[in-house]
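One structure is given here, and the rest of the page talks about it.
Residue numbers (the numbering used here), protein chains in the order written: chain A, 26 to 170; chain B, 26 to 170; chain C, 657 to 738; chain D, 657 to 738.
Here it is, written out as structure tokens:
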């Protein structure tokens, strides 16, 4: 169980490599979020967060996932600061005995991260800057849990 | 899009590291299956497969996932032969613009791999040997797609 | 005295990330009214409460919540993590 | 002539992974009947068809399927990949 909030990049391969071992682990799921450049005009994404609250919110989300599913491991890494297109923004990983738990917990973590962790994204591009708006679909996704 | 059926081990970290890049990729999901030792008495798992049909079945499952979701990448690696507890059996990875597609496609691949790819597992332990039985729940999981 | 924090476009509209206020407001809504009355940039930031979220002492809360005992209030748009 | 393949415990019960047969069976079910009649080990392997699966030319099929044109038949228990 670990939460990391950092401006530095991380190596998802190395994280996966050392994640979720032990005799009870049968299934490991990872999700990696990447800065997309839909318009081809994005020069960077700036991620702002709320130091202090971010760590608390992520720890609470992780604790909730651990309470709901029999996880043998979980990991949340989320970056802030300026990121170029193609850079990894964040990663979650879950380990469990069976695949259903690992998948459900990873999706739960992602759904809550999207709408309940205090991060805000600003896109800086050739056409100007804009804050990424929250999507109704992301809020709606929470109702399934 | 790639399918690999092999006896050699693989490095899930290195696979993830080189998987799913490009301006359209926003979300990467991986699943790694590991040999579990519930009883503490497993000495090894032997995975038998049907050479020829295995590759066809995996390619068909991957093609079906690619037809159903807008994937920007997919990968299936599955081992056969003798594996020790804790060793990685298999891995799938999916890349898409958004997380919902990447998660759904990865779960789809796993559900079909479980019941439609010609692999059979035998557990060799201190208490003897036994073939792993297919679970009704795994067959039932296919009905959701 | 209460610390008030602003994030994302709320911060940009108001023009500062944080300030310390001496307020008699007993609820978040009353604090918002007080801020709106101060200057246009506050009025602009708090124009549409439906597009804002509030945290009290780093826990998500709502605009009806009482401020008694609260040391830190934060206003921000809906979060976009992940 | 048709290649018949056996996997997992079907292979173990019958005692070989593959054989070449000259058969007049026109369906999978008829082939199974022919095999069952051969020897006890075949009868044991094909005792419960509900616990068996069949592939024709490396595609999953079923026991009612015709054998016309088929070159390779495989019998095995339900698959347990992943």
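All C-beta atoms in this analysis are idealised placements derived from N, C-alpha and C, irrespective of residue type, glycine included.
message = Is there a C-beta anywhere in chain A that falls below 9 Å from the one on residue 706/C?
response = Here residue 706/C refers to the residue found at position 50 of the third chain. Residue 706/C does not count as touching chain A.
ask   = Just checking my contact of residue 28/A with residue 84/A at CB under 8 Å: how many whole Å lie between their CB atoms?
value = Here residue 28/A refers to the residue found at position 3 of the first chain. Here residue 84/A refers to the residue found at position 59 of the first chain. Yes, residue 28/A and residue 84/A are in contact; Cβ-Cβ is about 5 Å, under 8 Å.
query = Looking at residue 723/D and residue 693/D, is the spacing between their C-beta atoms short of 9 Å?
reply = Residue numbering aside, residue 693/D sits at position 37 when the fourth chain is read from its first letter. Residue numbering aside, residue 723/D sits at position 67 when the fourth chain is read from its first letter. The answer is no: Cβ separation not under 9 Å.
query = Which one of 730/D, 657/D, 679/D has the shortest CA to CA distance from residue 713/D?
reply = Within the fourth chain, the letter at position 57 stands for residue 713/D. It is 730/D whose Cα lies nearest to the Cα of residue 713/D.
query = Of all the options 61/B, 124/B, 50/B, 71/B, which has the alpha carbon lying nearest to the alpha carbon of residue 156/B?
reply = Walking along the second chain from the start, residue 156/B turns up at place 131. Measuring from the Cα of residue 156/B, the nearest candidate turns out to be 71/B.
key: Residue nearest to residue 699/C in terms of C-alpha spacing, selected from 708/C, 659/C, 689/C, 732/C   = Mapped onto the third chain, residue 699/C falls at position 43. If we check each option's Cα against that of residue 699/C, 689/C comes out closest.
task = Give every residue of the same chain whose Cβ lies closer than 7 Å to the Cβ of residue 675/D, excluding the five residues on either side of it in the sequence, and list them in chain order.
result = To locate residue 675/D, count along the fourth chain from 1; it is residue 19. Cβ within range, chain order: 660.
message = At the level of alpha carbons, what is the spacing between residue 78/B and residue 61/B?
response = Within the second chain, residue 78/B is the residue found at index 53, counting from 1. Within the second chain, residue 61/B is the residue found at index 36, counting from 1. Taking the straight line joining both Cα atoms gives about 26 Å.
message = Under 7 Å, CB to CB, which of the residues in the region 74 to 94 of chain A have a partner in chain C?
response = 75, 77, 78, 81
ask   = Just how far apart, CA to CA, sit residue 33/B and residue 708/C?
value = By one-based count along the second chain, residue 33/B stands at place 8. By one-based count along the third chain, residue 708/C stands at place 52. If I take the Cα positions, the gap works out to 54 Å.
ask   = Beta carbon of residue 126/A: closer than 8 Å to some heavy atom of the ligand GDP?
value = For the structure depicted, the ligand GDP is absent and the ligand set is empty, with no information on it obtainable.
message = Taking the straight line between their C-alpha atoms, what separation do you get for residue 711/D and residue 109/B?
response = Position 55 of the fourth chain, counting from 1, holds the residue named residue 711/D. Position 84 of the second chain, counting from 1, holds the residue named residue 109/B. For residue 711/D and residue 109/B, the distance between alpha carbons rounds to 30 Å.
ask   = Taking Cβ positions only, does residue 114/A come closer than 9 Å to chain C?
value = The count along the first chain starts at 1 and reaches residue 114/A at position 89. Answer yes: the Cβ-Cβ gap between residue 114/A and chain C drops below 9 Å somewhere.
Interfacial residues, the region 129 to 159 of chain A to chain C, with Cβ spacing under 7 Å = 135, 138, 139, 140, 141, 142, 143, 144, 145, 146, 156, 157, 159
query = Does DSSP put residue 697/D in a helix, in a strand, or in coil?
reply = Taking the first residue of the fourth chain as position 1, residue 697/D is located at position 41. Three-state DSSP puts residue 697/D in a helix.
query = Within the chosen definition, does the region 98 to 108 of chain B reach the region 38 to 56 of chain B through at least 3 CB pairs nearer than 8 Å?
reply = yes
query = Is it right to say residue 170/B is buried, meaning 16 or more other beta carbons lie within 10 angstroms of its own, or is it exposed?
reply = Here the question's residue 170/B lines up with position 145 in the second chain. Under this definition residue 170/B is an exposed residue.
message = Closer than 8 Å is the cut-off here; do at least three beta carbon pairs connect the region 49 to 58 of chain B with the region 113 to 123 of chain B?
response = yes
task = Check the C-beta distance from residue 738/C over to residue 139/A and give it rounded, since I have them as a contact under 8 Å.
result = The residue you call residue 738/C lines up with position 82 of the third chain. The residue you call residue 139/A lines up with position 114 of the first chain. That pair is a contact at about 4 Å.
query = Would residue 719/C count as contacting chain A if we go by Cβ distances under 9 Å?
reply = Along the third chain, one-based indexing puts residue 719/C at 63. It does not: the Cβ of residue 719/C has no partner Cβ on chain A nearer than 9 Å.
key: Collapsed DSSP secondary structure at residue 37/B in the structure displayed   = As a first step, residue 37/B must be located in the second chain, where it is residue number 12. Helix.
message = Beta-carbon within less than 7 Å of residue 150/A's beta-carbon, same chain only, minus the 5 sequence neighbours each way: which residues are those?
response = As a working note, residue 150/A is residue 125 in the first chain. 64, 66, 67, 68, listed in sequence order.
message = Spatial neighbours of residue 105/A within its chain, please: C-beta separation below 6 Å, excluding the five flanking residues on both sides.
response = Along the first chain, one-based indexing puts residue 105/A at 80. Answer for residue 105/A: 32, 72, 74, listed in chain order.
message = Please return the same chain residues whose Cβ sits closer than 7 Å to the Cβ of residue 135/A, not counting the five positions on each side in sequence.
response = Reading the first chain from its first residue, position 110 is the one you call residue 135/A. These residues qualify, in order along the chain: 56, 117.
query = Where in the region 69 to 155 of chain A do unbroken runs of the alpha helix (DSSP H), each at least 4 residues long, occur, reported from the N-terminal end onward?
reply = 78 to 93, 124 to 141
key: Range covered by the beta strand (DSSP E) that runs through residue 703/C   = Taking the first residue of the third chain as position 1, residue 703/C is located at position 47. Careful: residue 703/C lies outside any beta strand (DSSP E) and carries neither H nor E.
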